[in-house]
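What follows is a single structure, written as structure tokens, with notes after it.
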Amino acid sequence: MNLELMCQKASECKLIVGKMDTDDKNKVLCDAADLLVQNTDTILAENAKDIENAKTKGMETGMIDRLTLTVDRIADMAEGLREVARLSDPIGEVLSMSKRPNGLIIGKRRVALGVVGVIYESRPNVTSDAFGLCFKTGNCVILKGGSDAICSNKAIVAVLKQALIDNHVPEEALNLIESTDRETTMAFMKMKDYVDVLIPRGGAGLISNVVNNATIPVIETGVGNCHIYVDEFADLDMAVKIVNNAKTQRISVCNACESLLVHEKVAKEFLPMLQLAMLEKNVEYRADEVCGKILNSSISTVKPATEEDWGTEYLDYIISVKCVTNIDEAITHINKYNTSHSESIVTSDYDAAQKFLDEVDAACVYVNASTRFSDGNEFGFGAEIGISTQKLHARGPMGLEALTSYKYIVYGSGQIRE
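Residue numbering for the sequence shown follows our numbering, starting at 616 and increasing by one per position.
So this is what it looks like as structure tokens:
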């Protein structure tokens, strides 16, 4: 379909979707979940084509993991839609209501954004997550996935559209731009007459391109150079479990730990413990001089850290490691090199924990927990459409409320302004 016509039809459709009853929206979401599971074999077959193409092109292991679907991951996608259906519908919620001295009653009511555009890379689960969250909040959605996942995305969208058709909902509520060329992406970013907001999900290059070139308002979702700081008062056994989980549980995600800071008073004891725990995953360390001398280079790869390492999102079994003299140095380092995503401190000291929470500038700040919890489902939002690292409109995991705006509703009894 012509790109502008697709956007125009989505804009026309938003009036229908925006006033749908909650029960009707939930029925579509639950039917879509069932259809995803029923069509698992078809989706996996299309996904296999994408994986084979990725391997042929020499795609990195972490990126192939992002691209890969399994029976369990498709089941999780379906459960994500069901979870969104179970959540309260924010549309129509009255946020406030007050009476002015002149008798006017002024209220604030939550409404849909309208048409949401999502530009994303590799991860085909984003296709169903974005649809579910946008549809529940009365929005139409236009998806522009990466060329790496085009077969997977087409298969998933076909299934989701069937749920719309079965429930007599215009299929223009969900749109996939199938063209994979750069020119189409650039043109899509200029469709401000039809698209109300644009959300990029992917690497730094993609996000920068959208932010710098779109004429549509953008909600920026950032890359994740996430840090964990092991304080001098940390429970070291706890710290090992947290860092190991945050680094190795899944390397291809934006909430994985990429940088480790260790207080000098515990570095000699902690780093060998961590190295043994992560030995199975063959993690590589990019260490400063102090940590480099402590880490055992005979059992793991240990390389000197460069300035670039402190700001790198590896998406691989690599972690940068730095020794610090106090919490202030740790916070300064984090605020200089982080991407405002997720940061964690491991400590048993209350004052240190509060200082970290107060002074670290990030969307999600943790005490004694893995950064891997920065996720819409883990936060109780159902699936997420992204993790916003900006401060306007939405910040952190973006669930239903982040995909809404509001309007003022004003009740009068004949008032005129003098």
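By construction, the Cβ of each residue, glycine as well, lies at the ideal position given by its N, Cα and C atoms.
- The Cβ atoms of Val961 and Cys938 do not sit closer than 8 Å to each other.
- A direct Cα-Cα distance of roughly 14 Å separates Asn617 from Ser626.
- Burial is judged here by how many other beta carbons sit within 10 angstroms of a residue's own beta carbon; Pro739 has at least 16 and is buried.
- Excluding the 5 residues flanking it on each side, Ala727 has same chain C-beta neighbours closer than 8 Å at Lys629, Val632, Gly633, Ile706, Thr752, Gly753, Asn754, Leu1018, Thr1019, Ser1020, in chain order.
- In the three-state reduction of the DSSP assignment, His878 falls in the strand class.
- DSSP places Leu758 in the uninterrupted beta strand (DSSP E) bounded by 755–759.
- Ile1024 has its alpha-carbon roughly 52 Å from the corresponding atom of Met674.
- Per the coordinates, the alpha-carbon of Cys869 lies some 8 Å from the alpha-carbon of Asn840.
- With distances taken between CA atoms, Ala770 lies nearest to Thr655 out of Thr655, Val980, Ile822.
- C-alpha of Pro716 to C-alpha of Gly1027: approximately 12 Å in a straight line.
- Val826 sits in a helix when the DSSP states are folded into three classes.
- Pairwise C-beta distances place the segment 889–902 in contact with the segment 910–920, as three or more of them are shorter than 8 Å.
- Here Thr683 carries a coil assignment [DSSP, helix/strand/coil].
- Sixteen is the threshold: when 16 or more other Cβ atoms of the shown chains lie within 10 Å of the Cβ of Ser737, as they do, the residue is buried.
- Excluding five sequence positions before and after Leu719, the CB atoms of its chain that fall closer than 8 Å to its own CB belong to Val1025, Tyr1026, Gly1027, Gln1030, given in chain order.
- For Val652, the closest of Cys645, Ile689, Arg724, Thr685 by C-alpha to C-alpha distance is Ile689.
- Listed in chain order, the non-local C-beta contacts of Ala647 below 6 Å within the same chain comprise Leu696, Leu775, Ala778, local neighbours out to five positions each way being set aside.
- With a 10 Å radius around the Cβ and a threshold of 16 neighbouring Cβ atoms, Leu1007 comes out exposed.
- Within the DSSP bridge table, the entry for Val975 names no partner.
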